[in-house]
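Enquirer:
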Amino acid sequence: MDTHLSDDAVAPVPGDYKSDVKPIWCPGCGDYSVLAGITRAMANMGLKREDTVVVSGIGCSSRIPAYTSVYGYHTVHGRSLAVASGVKLARPELNVLIFGGDGDGFSIGGNHFLHACRRNVDMTYIVMDNQVYGMTKGQASPTTEADWCESKLTPEGPGVNPIQPVALALACGANFVARGFSNDPNQVARLIVEGVKHPGFSVIHILSPCVTFRPEQRGWKSTVHPYGREPTDDPNEAMRAVLEDDGFGLGIFLAGNRRPFQPESTATRSIAQIEEGFAV
Amino acid sequence: MTVDSVTIALVGSGGAGAMTAGQMLLDAAANVGWYGLMSRSTGPQIRGGEAAALVRLSPTPVHGPGDRFDIIIAFDWQNVERFAAELPLSDKSVIITDPSQGEVPAVLAASGARQMELPIKELAGRIPGGRVNMVGLGAVAATIGLPRAGIDAVIQKALGKKGDAAVQASNAGIDAGAKEAAGWNLGLELAAPNKNGATRWNISGNEAAGLGALKGGVKFCAAYPITPATEILEWLAPNLAKTGGKLVQAEDELASIAMCLGASFSGVPSITATAGPGLSLMTECIGLGVASETPVVIVDVQRGGPSTGIPTKSEQSDLNIAVYGLHGDAPHLVVGPTSIGDCLFTTQWAVHLAEALQTVAIVLSDQAMGQSRAVIDKPEDAPYTAKRLLATDLGGEGKYLRYANTESGISPVAIPGMPGGEHTADGLEHAENALPSSQASDHQKQLDKRLRKLTSYDYGDAWADIEGEGEIAVVTWGSATGPSREAVRRLEAAGTKVRLVAIRLISPVQPAKLAAALDGVTKVLVVEQTHGAQFHKFLRGHYDLPGAVSVFSRPGPLPIRAREVHETLLSLI
């Protein structure tokens, strides 16, 4: 998107984009680092706070808007992408980012994710994946392994295969798809900057451990690895490569060339002229 | 001898052109100065199947369907049994039937209506490019005394682009039908039109609602198609674009309302339109609009329910969900237009109120208004536009209170682009500074504020249409107003005075105003179109109705006719 750079004489710093509100997250939650990455990205781009809107649904990571100092809308579970699309379609000059988790984005909000990808409105979706519903105290999410047996709701495991967010995003037509890891907020910031600057709908999938309900995810730091390929603008090539990825490759999978969806309109008629059409 | 109202059904299976003929009949009648109303009866099928254009014409404004059909003209009798109940007849009625299509079905013939045979298909067949619906239109025009000039203008407008051959074929068909009917002398000539010089409009309720949105200042619509509301969205698509607004098709109703909230959060007045199933899906986000104080307007064109119900037929049974459907204590606006033309005013007013009060307004139209077309006097311009109270003094960094607990309950809002107004609007309960709070004092304060802004607002006279005087009053709403009004006028003409109160502002309730409107009343008749008497129970829950209260309430799909209200009133006198 065309970013609206701050015209302050002094270069903005990440702290300029933080509010005074203390996050509700558990100590050690990956989302702290993602928040740090977000504010670094905003400072790096020098986004004008008043021209920036962050939208979220419901869940631990969806609390982020109140922790920033830009305009925010903390909405209902699963609908953040639709709300954000309304913001951007109505006011294309605004910078629009969306924050949320795997349950919010891929379960209750799954249909909106599909259509946000194919609609390709110029906005950036940062989805923090911890493979669990944390706010409701540890149930399986759509990215949880089929045999994860730690939830009282599904003591034998959810029994269904997890979805692969990056592959899903590519299949649905997202124009920019990347993956980051919360342990490296600088890399998270870089990916967000790339995503925001890339025209169209950008999906940044961020592995962000839940240390409370998925403590084993602390081990992700030794599981992740560089994706190891140059970003492609060819969705077919990106999809073939992603299907061989183990879900822990970090980097940019696709930086595509699809045109963003942004209907334009200019007033050419007065309402009085339109009314004349009803006259007998 | 003339009649002062004539009601005509043009019946045929898909492809016969009954709807086209009905539309041309209404347009031609409007051209010569008659008022009119045309509703459609169609089944759920996409193409084909049974269809009827139901037209009522009069020299005076038409408020609702006629008590019975004076004329039925059938191009064929396929499937007519399925909607015969919608075609009430009497022995004074006339059935125009083509002998080649078989006998008049017993269900209609049993009325004792006169039968006039017209070889429609044969007459059309003699004309190159001739069509049965034009022959029928000619016969109807001759029967009611519709001047030929009115039809000529319609044909020229509808077919002029198709060339002379098409125009000639239509004219020949009309002439053939008219010639046959000329000698019938059925006594159904409509009284001469009264051209009062005022501009008249030919408009549907759904178009009027769309126009009301534009006039209210709406610049964004997110749309998901649903019968019988789709025409609002299809009308808005080009007309929003022409006036600098935007319409986007959403993936479902969950998204359409959410997109509207997003657009509105960014400061752009927004609307969506739907029917009961869509409204059900939207309720969670409607609550978000209430809690986050983000204005939005939803037009619900009601249809038969529950569930998928009867999508193409009218009912007023979404009242309960519109008023009570949200979880939590979520006061919001519910308004109902009282006529096809009033869909304009009420939608425009709803946009104004939603924006002024920073809340959600649900406009309860219905299929009977939305998909019917009326010839009416051009509605007067109303002064209502979208005007949100914007924050002007943002008080320095971090000082802005998005949900300030003001006396009016309306908090000045900062929208994106305003430096210093940055805040996170929230569906979580919040403190005045918008930060989430589960404290009892904040919850109480914000609940009070969101209720107070609605209850302390001055809605003026538009809260209801109040007509007439007398000790008997009809209290009604929505499309039940039209037949109620006609019934009241009939009693007036016979020397009995009856009041009519049609409540436009359903919620918040206006007890003092209704008490004043019903001062001196000893008998109340509540008129509505639901199975469960939802409106009556709503009134009982919020108002003290004076005297003896009776209820006329029945479900769709049959429209409420003036005769039914009239007879009920007579039984009360």
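If you're matching them up, the sequences are chains C and D in order.
Per the numbering used here, the very first residue in the first sequence carries number 1; after that it's consecutive.
Per the numbering used here, the very first residue in the second sequence carries number 281; after that it's consecutive.
For glycine and all other residues, C-beta sits at the position ideal for the given N, C-alpha and C.
Looking only at its chain, what residues have a beta carbon closer than 6 Å to the beta carbon of residue 125/C, apart from the 5 residues adjacent to it on each side?
Expert: Numbered from its first residue, the first sequence carries residue 125/C at position 125. Excluding sequence neighbours, residue 125/C sits near 98 and 203.
Enquirer: So is residue 66/C in contact with chain D if we call contact Cβ pairs under 8 Å?
Expert: Along the first sequence, one-based indexing puts residue 66/C at 66. For residue 66/C, the answer is yes, since a Cβ of chain D falls inside 8 Å of its Cβ.
Enquirer: Could you check which residue in 137/C, 40/C and 51/C has the C-alpha nearest to that of residue 699/D?
Expert: Here the question's residue 699/D lines up with position 419 in the second sequence. Nearest C-alpha to residue 699/D: 51/C.
Enquirer: Among the residues of its own chain, which have a CB less than 7 Å from the CB of residue 445/D, if the five just before and after it don't count?
Expert: Position 165 of the second sequence, counted from the start, is the residue given in the question as residue 445/D. Once the five neighbours on either side are set aside, the close Cβ partners of residue 445/D are 409.
Enquirer: DSSP beta-bridge partners for residue 642/D?
Expert: Reading the second sequence from its first residue, position 362 is the one you call residue 642/D. Bridge partners of residue 642/D: 578/D and 614/D.
Enquirer: Name the chain C residues that come within less than 9 Å of residue 481/D, Cβ to Cβ?
Expert: For the purposes of this step, residue 481/D is taken as the residue at position 201 of the second sequence. Near residue 481/D (Cβ distances below 9 Å), the residues of chain C are 275, 278, 279 and 280.
Enquirer: Counting Cβ pairs closer than 8 Å, one from the stretch 292-311 of chain D and one from the stretch 112-122 of chain C, do we hit at least three?
Expert: no
Enquirer: What runs of the beta strand (DSSP E), each 3 residues or longer, lie entirely inside the stretch 388-456 of chain D?
Expert: 394-397
Enquirer: For residue 657/D, which beta-bridge partners are listed by DSSP?
Expert: Position 377 of the second sequence holds residue 657/D. According to DSSP, residue 657/D bridges with 480/D.
Enquirer: Any idea what DSSP makes of residue 152/C, helix, strand or coil?
Expert: Translated into the one-based positions of the first sequence, residue 152/C becomes position 152. Residue 152/C falls in the coil class under three-state DSSP.
Enquirer: DSSP state of residue 550/D, grouped into three classes?
Expert: Your numbering for residue 550/D matches position 270 in the second sequence. Three-state result, residue 550/D: strand.
Enquirer: Measure the alpha-carbon distance for residue 78/C versus residue 110/C and round it to whole angstroms.
Expert: The residue you call residue 78/C lines up with position 78 of the first sequence. The residue you call residue 110/C lines up with position 110 of the first sequence. If you take the alpha carbons of residue 78/C and residue 110/C, they lie about 8 Å apart.
Enquirer: Can you tell me which of 59/C, 85/C and 278/C puts its alpha carbon nearest to the alpha carbon of residue 488/D?
Expert: To locate residue 488/D, count along the second sequence from 1; it is residue 208. The residue with the shortest Cα to Cα distance from residue 488/D is 278/C.
Enquirer: Leaving out five residues on either side along the sequence, give the residues of the same chain with a beta carbon under 7 Å from the beta carbon of residue 151/C.
Expert: Residue 151/C sits at position 151 when you count from the first residue of the first sequence. So the list reads 138, 139 and 140, once near-sequence residues are dropped.
Enquirer: Could you tell me how far apart the beta carbons of residue 627/D and residue 507/D are, in whole angstroms, since I believe they sit closer than 8 Å?
Expert: Counted from its first residue, the second sequence places residue 627/D at position 347. Counted from its first residue, the second sequence places residue 507/D at position 227. No, residue 627/D and residue 507/D are not in contact; Cβ-Cβ is about 19 Å, not under 8 Å.
Enquirer: Are any of the Cβ atoms in chain D nearer than 8 Å to that of residue 271/C?
Expert: Locating residue 271/C in the first sequence gives position 271, where the first residue counts as 1. Cβ-Cβ to chain D under 8 Å: yes for residue 271/C.
Enquirer: Please confirm if residue 100/C has its CB atom under 8 Å from at least one CB of chain D.
Expert: As a first step, residue 100/C must be located in the first sequence, where it is residue number 100. No, its Cβ sits nowhere closer than 8 Å to a Cβ of chain D.
Enquirer: Of all Cβ atoms in chain D, is any one closer than 8 Å to the Cβ of residue 94/C?
Expert: Taking the first residue of the first sequence as position 1, residue 94/C is located at position 94. Answer yes: the Cβ-Cβ gap between residue 94/C and chain D drops below 8 Å somewhere.
Enquirer: Among residues of its own chain, excluding the 5 on either side of residue 759/D, which ones have a beta-carbon nearer than 6 Å to its beta-carbon?
Expert: Within the second sequence, numbered from 1, the residue matching residue 759/D stands at position 479. Result list for residue 759/D: 646, 648 and 649, in chain order.
Enquirer: Check for me: the beta strand (DSSP E) holding residue 99/C runs from which residue to which?
Expert: If you number the first sequence from 1, residue 99/C lands on position 99. Run containing residue 99/C: 95-101, per the beta strand (DSSP E) assignment.
Enquirer: State the DSSP-derived secondary structure class of residue 261/C, mapped to helix, strand or coil.
Expert: Translated into positions along the first sequence, residue 261/C becomes position 261. Three-state DSSP puts residue 261/C in coil, outside helix and strand.
Enquirer: Answer with buried or exposed for residue 413/D, where buried requires no fewer than 16 other C-beta atoms within 10 angstroms of its C-beta.
Expert: As a working mapping, residue 413/D is identified with position 133 in the second sequence. By the 10 Å Cβ count, residue 413/D comes out buried.
Enquirer: Establish whether the CB of residue 538/D and some CB of chain C are separated by less than 8 Å.
Expert: Here the question's residue 538/D lines up with position 258 in the second sequence. Chain C contact via Cβ: present.
Enquirer: Per DSSP, what are the beta-bridge partners of residue 779/D in this structure?
Expert: Against the second sequence, residue 779/D aligns to sequence position 499. In DSSP, residue 779/D forms a bridge with 753/D.
Enquirer: Using a C-beta cutoff of 8 Å, does residue 111/C count as contacting chain D?
Expert: Sequence index remark: in the first sequence, residue 111/C carries index 111 (1-based). Residue 111/C counts as touching chain D.
Enquirer: Helix, strand or coil for residue 823/D per DSSP?
Expert: As a first step, residue 823/D must be located in the second sequence, where it is residue number 543. Three-state DSSP puts residue 823/D in coil, outside helix and strand.
Enquirer: Report, in whole angstroms, the separation of the C-beta atoms of residue 223/C and residue 201/C, which I expect to be a contact under 8 Å.
Expert: Within the first sequence, numbered from 1, the residue matching residue 223/C stands at position 223. Within the first sequence, numbered from 1, the residue matching residue 201/C stands at position 201. Between residue 201/C and residue 223/C the Cβ distance is about 28 Å, and since that is not below 8 Å, they are no contact.
Enquirer: Can you tell me which of the three DSSP states residue 817/D falls into?
Expert: In the second sequence, counting from the first residue as 1, residue 817/D sits at position 537. Helix.
Enquirer: Find the nearest neighbour of residue 532/D within the set 616/D, 522/D, 561/D and 697/D, judged by alpha-carbon distance.
Expert: Sequence index remark: in the second sequence, residue 532/D carries index 252 (1-based). Among 616/D, 522/D, 561/D and 697/D, the Cα nearest to that of residue 532/D belongs to 561/D.
Enquirer: Nearer than 7 Å: is that true of the beta carbon of residue 341/D relative to any heavy atom of the ligand ZN?
Expert: As for the ligand ZN, it is missing from this structure, which has no ligand bound.
Enquirer: What span of residues does the beta strand (DSSP E) with residue 139/C cover, start to end?
Expert: The sequence position of residue 139/C within the first sequence is 139, counting from 1. No beta strand (DSSP E) holds residue 139/C; DSSP gives it neither H nor E.
Enquirer: If you pair each beta-carbon of the stretch 453-463 of chain D with each one of the stretch 582-591 of chain D, do three or more pairs fall below 8 Å?
Expert: no
Enquirer: Using a beta-carbon distance cut-off of less than 9 Å, what residues from the stretch 128-156 of chain C approach chain D?
Expert: none
Enquirer: When the cut-off is 8 Å and only beta carbons count, does residue 89/C lie next to chain D?
Expert: One-based indexing of the first sequence puts residue 89/C at position 89. Closer than 8 Å to some Cβ of chain D, the Cβ of residue 89/C qualifies, so yes.
Enquirer: For residue 275/C, count neighbouring C-beta atoms within 10 Å of its own C-beta (all shown protein chains included) and say buried if the count is 16 or more, exposed if not.
Expert: Here residue 275/C refers to the residue found at position 275 when the first sequence is read from its first residue. Buried: at least 16 other Cβ atoms inside 10 Å.
Enquirer: How would you label residue 56/C, buried or exposed, when you count the other beta carbons within 10 angstroms and need 16 or more for buried?
Expert: Walking along the first sequence from the start, residue 56/C turns up at place 56. So residue 56/C ends up on the buried side.
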